[in-house]
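Protein chains in written order, with the working numbering: chain A, 1 to 139; chain B, 1001 to 1502; chain C, 2001 to 2119.
All C-beta atoms, glycine included, are put in the ideal place defined by N, C-alpha and C.
A quick note: this is a predicted structure, and the numbers were derived from the prediction, not measured.
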């Protein structure tokens, strides 16, 4: 890939900001618009920018395929696991009012964990889709 | 504790297991996990059916949010019966799948194959259990997306194009369903099926509700492959990997038909349906499907495609039963839904065994295979006789019910068509028997099987035993109709008493 | 009459989008164009739901002082799910198209059918 200084410098400045913004949308989603889906997509766009600026192979070193599959699976497990934990507390599936003594605290904890699971899965899946297509076409 | 959570466990177990399976890429592990998942779901769904068999209705509020705001799972005899058949077929398919997957699927895809299989299973169970109409859409898409991917794993390159066609038509169907749900929501402000049933009669004369009704029915008809909208089915089922042909042909369209029944009788009431032309249209389309599917099945040169076209015909019987809008007609449809899953499962399994042995299922290459594989042939024969409707098999039970329903309404034409459908079934079953048993074998049959492979002389135990379980079930449920007819009767009573009162 | 047309402008746009999508999907032999048509069709549905949820003068449904009319958040949540389903469908569709291109060397439906008929 041709060295493009402007692209690389801009990417280096932008990527941390994008990731920070993704984390903000992720964890502030409890109080304001946001949440796992949006945060996951924003996060993956940071890695996409990295892949576009520094090449697919470099990006594949940062996020290997196997790790992406594991992260996506982990996100789903986190989601379903939270639901199952509330089953063990004697409530219905995903009834996270029971996760703490106070129902509202429990709901806060529950939604943060659930959205974290969603965020991980969405970010990993978006990247997997991108890398799978990009490699196929390059080959 | 488990008892109250039964309904949600059916969805949660595959949901937990699927990502774990995706991470393992070894055939033995992913097969074992899938087997455990299907076995436990089978057990739980049988338990669930026992709970609701006497006409009780279980309500389960997800997340503790009370309906109509939260999503609820609402289980009565009908859901439980459909869930049970999905689980039974999934279990038998998994038992069957091991060697077949080893042969047909590339090694690096084994983990993903079983993960997608579990997701498809999860989606189908979710559709049957949920009482929220938007949730139906979500699960419908989960199962459909998984099945597009699974069909595309077939060896023949035609699997790719047929999967793409299925994807376009399936998404179109789901989107129509989604528009319908949206319009119904705009008219009533609720998505819960019970709540919709209560609120729709108040607004049933506005144009929007008619449109919603039409779109929901057309969307589901596409998913259920009802006659003029069946075009995706034959190719998708015949080029898919054998395991997937078995699973999808026995469950996917059945579940869509279940949703259709639910929407017609629970969401929109019987009185509303009677004001439309739909019952007549469905009866006629059912009749056309029976004739068209059977005639096309006769003309096929491959076993899998013949079975796929015969599925189109069998769906016709179910649609005709619904179209009669009588208790007996609906009972016949529900029983046939259960029975057809058993016999089509067994038939596709037999086709899969032939493919396992000779790598192809075109009639040219199957000549005389029946004599070489007598046990497979015999099990296939039982299921095929059941497809015709010979007394003593399950096919007879449901066809007898359907004919009675037609006689009750004095629809003589339909009686003739049902009998004609059976005659045509005899023709294509005879064609199968003739090729497999009476024609003499040719030398060049075996293609692409390495010499010394374990596939030459024997059929694997897992495959044959799963097939025999389903074939014997075809006979067992032909004599003991308590489970099928009894539960279907309870379900139909509930559906008919629900109309208008709630 | 003008009021009627302008007052329902979003619905006109939705209908146009849906029809454009459906027409593209049915008339074009190119598989990628078919997927594009499907996406446009789904976008129409998404806009339809969002239109249902809009309350004139309502704000975003966040509890805050000084606001008492909110748009209905439920259709938006539903469409979040539908968008995810749409993304998955599109990705799967394109993956299939890539594989079809590799297997057949073409993504024009009429050519694919011809090749299938020959074998």
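{"query": "Just curious, the alpha helix (DSSP H) that residue 115 of chain A is in, first and last residue?", "result": "103-138"}
{"query": "So if I threshold CB-CB distances at 9 Å, which residues from the stretch 2067-2085 of chain C count as touching chain A?", "result": "2080, 2083 and 2084"}
{"query": "Output the distance between the C-alpha atoms of residue 1008 of chain B and residue 6 of chain A, rounded to the nearest integer angstrom.", "result": "54 Å"}
{"query": "Between residue 1322 of chain B and residue 1403 of chain B, which are expected to be in contact by the criterion C-beta below 8 Å, what is the C-beta distance as a whole number of angstroms?", "result": "Residue 1322 of chain B to residue 1403 of chain B, Cβ: 16 Å. No contact."}
{"query": "Name the chain A residues whose beta carbon is nearer than 9 Å to that of residue 1953 of chain C?", "result": "Outside the displayed range of chain C (2001 to 2119) lies residue 1953 of chain C, so it cannot be described from this structure."}
{"query": "Using a Cβ-Cβ distance cut-off of 9 Å, determine whether residue 2093 of chain C contacts chain B.", "result": "yes"}
{"query": "Using CA atoms only, rank isn't needed, just tell me which of B:1100, B:1151, B:1145 and B:1104 is closest to residue 1122 of chain B.", "result": "B:1145"}
{"query": "Just curious, the alpha helix (DSSP H) that residue 1210 of chain B is in, first and last residue?", "result": "1207-1224"}
{"query": "Thinking just about the alpha-carbon of each residue, which of B:1069, B:1209, B:1281 and B:1303 is nearest to the one in residue 1269 of chain B?", "result": "B:1209"}
{"query": "For the putative contact between residue 1048 of chain B and residue 1015 of chain B, defined by C-beta atoms under 8 Å, what is the C-beta separation to the nearest angstrom?", "result": "About 17 Å; that fails the 8 Å criterion."}
{"query": "When the Cα of residue 74 of chain A is compared with those of B:1087, B:1069, B:1294 and B:1022, which residue comes out closest?", "result": "B:1022"}
{"query": "Please state whether the Cβ-Cβ distance between residue 1074 of chain B and residue 1085 of chain B is less than 9 Å.", "result": "no"}
{"query": "Please report whether the beta-carbon of residue 2034 of chain C lies at a distance below 9 Å from any beta-carbon of chain B.", "result": "yes"}
{"query": "Measuring CB to CB, does residue 1345 of chain B end up less than 9 Å from residue 1470 of chain B?", "result": "yes"}
{"query": "Classify residue 1075 of chain B as helix, strand or coil using the three-state DSSP reduction.", "result": "strand"}
{"query": "Does residue 37 of chain A have its Cβ less than 9 Å from a Cβ in chain C?", "result": "yes"}
{"query": "In chain A, which residues lie with their C-beta within 8 Å of the C-beta of residue 2098 of chain C?", "result": "133, 136 and 137"}
{"query": "Apply the 10 Å Cβ neighbour rule to residue 2011 of chain C and answer buried if 16 or more other Cβ atoms are within range, or exposed otherwise.", "result": "exposed"}
{"query": "Let me make sure I understand the geometry here. Which of A:115, A:85, A:137 and A:99 has the alpha-carbon closest to that of residue 38 of chain A?", "result": "A:115"}
{"query": "Spatial neighbours of residue 34 of chain A within its chain, please: C-beta separation below 8 Å, excluding the five flanking residues on both sides.", "result": "24, 25, 26 and 28"}
{"query": "Could you tell me the alpha carbon to alpha carbon distance between residue 1374 of chain B and residue 1294 of chain B, rounded to whole angstroms?", "result": "26 Å"}
{"query": "Does chain A have any CB closer than 9 Å to the CB of residue 1109 of chain B?", "result": "no"}
{"query": "In this structure, does DSSP put residue 1478 of chain B in helix, strand or coil?", "result": "helix"}
{"query": "Mind checking which residues open and close the beta strand (DSSP E) that includes residue 1059 of chain B?", "result": "1058-1061"}
{"query": "Taking all protein chains shown into account, do 16 or more other C-beta atoms lie within 10 angstroms of the C-beta of residue 1031 of chain B, making it buried, or fewer, making it exposed?", "result": "buried"}
{"query": "Per DSSP, what kind of secondary structure is residue 1132 of chain B in: helix, strand or coil?", "result": "strand"}
{"query": "Within 10 angstroms of its Cβ, does residue 1139 of chain B collect 16 or more other Cβ (buried), or is it exposed?", "result": "buried"}
{"query": "Could you give the distance in angstroms between the alpha-carbon of residue 1203 of chain B and the alpha-carbon of residue 2051 of chain C?", "result": "20 Å"}
{"query": "Can you give the Cα-Cα distance for residue 2111 of chain C and residue 1235 of chain B, rounded to whole angstroms?", "result": "18 Å"}
{"query": "Among B:1172, B:1421, B:1400 and B:1120, which one has its Cα closest to the Cα of residue 1289 of chain B?", "result": "B:1421"}
{"query": "Using 9 Å as the limit for Cβ to Cβ distance, is residue 1129 of chain B near chain A?", "result": "no"}
{"query": "Determine the chain C residues that contact residue 1152 of chain B at a beta-carbon separation under 9 Å, and present them in chain order.", "result": "2092, 2095, 2096 and 2099"}
{"query": "Can you pull the chain C residues whose beta carbon is under 7 Å from the beta carbon of residue 129 of chain A, in chain order?", "result": "2091"}
{"query": "Looking at the unbroken alpha helix (DSSP H) that takes in residue 9 of chain A, where does it start and where does it end?", "result": "5-28"}
{"query": "Would you call residue 12 of chain A buried or exposed, if buried means 16 or more other Cβ atoms sit within 10 Å of its Cβ?", "result": "exposed"}
{"query": "Anything in chain C within Cβ reach of residue 1167 of chain B, meaning under 8 Å, just list it in chain order.", "result": "2089, 2092, 2093 and 2096"}
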